[in-house]
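In my numbering, the protein residues as written are 6 to 298. No residue lacks a Cβ here, since even glycine has one placed at the ideal position from N, Cα and C. Note that the structure is a prediction, hence the values are computed from the model and not measured.
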């Protein structure tokens with residue numbers, strides 16, 4: 006059973022989680038130590054591997070041996086700084102008015118903060134396996150406590166099964182969960198992904214952050230998602246190799262041949278936010294016609 010928390014209550018940055026930290030000596034959670042990525046202001050348990058570090062302009066969250074998960078600009082905390090998180094928001098071009106959203110994986114809460122601000126009437130459920138991550142997001146990354154934000158602490162596969170049994174449906178499902186090996190393996194299984202597809206409303210969009218590395222067998226994972234969604238998927242690669250790969254899944258065929266028809270919507274969303282939706286739409290379009298998607 007999941008534990009609920011909070012139920013009542015510049016695009017030139019790094020493109021991907023995956024920057025490794027140098028080895029540092031053990032330190033308690035209140036001391037500070039300087040590392041190449043900034044000054045450590047929080048170090049979690051050995052089991053969690055959580056590190057929060059500041060430099061002059063940014064606060065960064067590292068998980069499991071140095072995977073960069075979140076980055077917050079100190080003078081603009083709600084802005085999406087990491088490029089992979091901006092790319093994931095391309096889902097909003099296909100579903101511009103999600104009333105109910107599910108995020109699997111919280112990290113520093115960058116996506117949650119963005120969505121809360123961009124959709125002031127929407128309700129957001131979050132599945133996060135580690136309560137320490139939730140505390141760090143609240144204490145160090147300004148994750149708000151709002152009645153329309155519900156955080157459930159349990160494995161993602163358990164949460165989606167519970168929400169499915171409760172008859173829930175979501176217009177937007179985002180999966181961004183990593184362990185020290187890469188994308189969380191339990192969330193790559195057919196059972197979890199099938200639950201996500203069933204939870205997705207008819208006009209909804211599923212989006213998942215993966216790694217395009219040989220060790221992660223991205224082509225196999227993408228093929229599994231394409232099969233699950235009846236080949237109704239698009240892929241946005243952030244680099245040729247060793248980079249993030251964002252997969253979007255749909256119940257209805259995506260407008261792959263007419264993606265640029267979404268350009269007016271992308272311009273409007275770019276105007277309303279700090280995300281260059283036009284840039285990401287253009288990249289998605291060119292990859293789709295070249296067969297990358």
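Notebook entry, point to check: Rounded C-beta distance between residue 227 and residue 252? I'm assuming under 8 Å.
Noted result: At roughly 6 Å, the Cβ-Cβ gap stays under 8 Å, so residue 227 and residue 252 are in contact.
Note to self: I'd like to check one pair, residue 293 with residue 282: are the Cβ atoms closer than 8 Å?
What the structure shows: No, the pair does not count as a contact, with Cβ atoms beyond the cut-off.
Item checked: Whole-angstrom distance between residue 264 and residue 289, CA atom to CA atom -> Approximately 8 Å between the Cα atoms of the pair.
Check: Distance, Cα to Cα, residue 295 vs residue 238?
Finding: Taking the straight line from one Cα to the other gives about 15 Å.
Margin query: Looking at the strands, I want to know which residues DSSP matches up with residue 291.
Written below: None, per the DSSP bridge assignment.
Check: Tell me, which residues are paired with residue 222 by DSSP?
Finding: DSSP output for residue 222 lists no bridge partner at all.
Note to self: In whole angstroms, give me the CA-to-CA distance for residue 53 and residue 68.
What the structure shows: Rounded to whole angstroms, residue 53 to residue 68 spans 7 Å at the Cα level.
Notebook entry, point to check: At which residues does the beta strand (DSSP E) containing residue 76 begin and terminate?
Noted result: First-last of the beta strand (DSSP E) with residue 76: 72-78.
Checklist line | Own chain residues within Cβ distance below 6 Å of residue 36, not counting five before or after | finding: Here the model assigns residue 36 a pLDDT of 39, short of 50, so the residue's position is not dependable and the matter cannot be decided.
Next item on the list: Please check the pair residue 141 and residue 57, which I expect to be a contact at CB under 8 Å, by giving their CB distance rounded to whole angstroms.
Entry: Their Cβ separation, rounded to whole angstroms, is 6 Å, which keeps residue 141 and residue 57 in contact under 8 Å.
Next item on the list: Answer with buried or exposed for residue 79, where buried requires no fewer than 16 other C-beta atoms within 10 angstroms of its C-beta.
Entry: By the neighbour-count criterion, in which 16 or more other beta carbons inside 10 Å mark a residue as buried, residue 79 falls on the exposed side.
Notebook entry, point to check: Do you know offhand how far residue 72's Cα is from residue 45's?
Noted result: Roughly 15 Å between the two C-alpha positions.
Note to self: On the CB-based measure, 16 or more other CB atoms within 10 Å of its CB, does residue 150 come out buried or exposed?
What the structure shows: Exposed is the call here.
Check: Going by the CB atoms, is the gap between residue 117 and residue 192 shorter than 8 Å?
Finding: No, the pair does not count as a contact, with Cβ atoms beyond the cut-off.
Notebook entry, point to check: Around the C-beta of residue 291, are 16 or more other C-beta atoms found within 10 angstroms, so that it is buried, or is it exposed?
Noted result: Result: exposed.
Item checked: For residue 86, the nearest candidate out of 102, 215, 280 (CA to CA) -> When each option's Cα is compared against that of residue 86, the closest is 280.
Item checked: Contacting residues, own chain, Cβ-Cβ under 6 Å from residue 59 (five flanking each side not counted) -> Result list for residue 59: 43, 44, 46, in chain order.
Notebook entry, point to check: Enumerated in chain order, which unbroken segments of the beta strand (DSSP E) with a length of 3 residues or greater are wholly contained in the region 151-195?
Noted result: Secondary structure remark: continuous beta strand (DSSP E) runs of at least 3 residues inside the region 151-195, in chain order: 154-158, 175-180.
Check: Cα-Cα, which of 244, 197, 233 is closest to residue 167?
Finding: Among 244, 197, 233, the Cα nearest to that of residue 167 belongs to 197.
Checklist line | Where the beta strand (DSSP E) through residue 64 begins and ends | finding: In the DSSP annotation of this structure, the continuous segment of the beta strand (DSSP E) that includes residue 64 starts and ends at 63-68.
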